[in-house]
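Numbering (our numbering), first residue to last: 1 to 157.
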């Protein structure tokens, strides 16, 4: 009689065991999917970073010896620089002065302003943006020997 009751309930036990296995399998699937979602997010962030780096401007000051020579701000990066301003000194007072956008490989002449800034303890600063709106800054300072030290800061907030 006991054997008959056990055999009569076998389908119910099998169904209950199958339901438990299904719950466990669903839980494991969710854990794996969460890992995939995290990996996808990491890949997406890396892609955005690569895109920004491939179009990032880099502005530096150099002396040009070609036509219209003198000191100029050169875009040595891979993308255009927009919303550019640089530090200018008027009677020891520093102000930021805007200039037009600079395409990659092009320059904007700043001969007189940069010449006045050379050796100034406050340094020379260029602020600019990429097309994506990321903000960058190039800082130029001078050490005791008069050697220029250039720092590139990306992105600033």
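We treat Cβ as the ideally placed atom computed from N, Cα and C, and that holds for glycine.
Values in this document were obtained by computation on a predicted structure and should not be read as measured data.
Compare the C-alpha of residue i against each of the options and name the closest.
i	options	result
residue 75	56, 87, 12 and 65	56
residue 52	41, 70, 80 and 38	80
residue 61	78, 11, 129 and 106	106
residue 132	138, 155, 148 and 116	155
residue 137	41, 104, 59 and 33	59
residue 65	111, 44, 104 and 54	111
residue 78	130, 72 and 126	130
residue 115	139, 17, 101 and 88	88
residue 103	82, 23, 113 and 86	82
DSSP on residue i, reduced to helix/strand/coil?
i	result
residue 40	helix
residue 131	coil
residue 72	strand
residue 46	helix
residue 155	strand
residue 125	strand
residue 103	coil
residue 26	helix
residue 83	strand
residue 55	coil
residue 15	helix
How far does the beta strand (DSSP E) with residue i in it extend, from its first residue to its last?
i	result
residue 112	Note, residue 112: premise wrong, no beta strand (DSSP E); alpha helix (DSSP H) at 111-117.
residue 95	93-99
residue 64	59-64
Validate contact between the stretch 76-95 and the stretch 111-120 using beta carbons, cut 8 Å, 3 pairs:
Counting C-beta pairs with one atom in each stretch, the stretch 76-95 and the stretch 111-120 have three or more that are closer than 8 Å, which means they touch.
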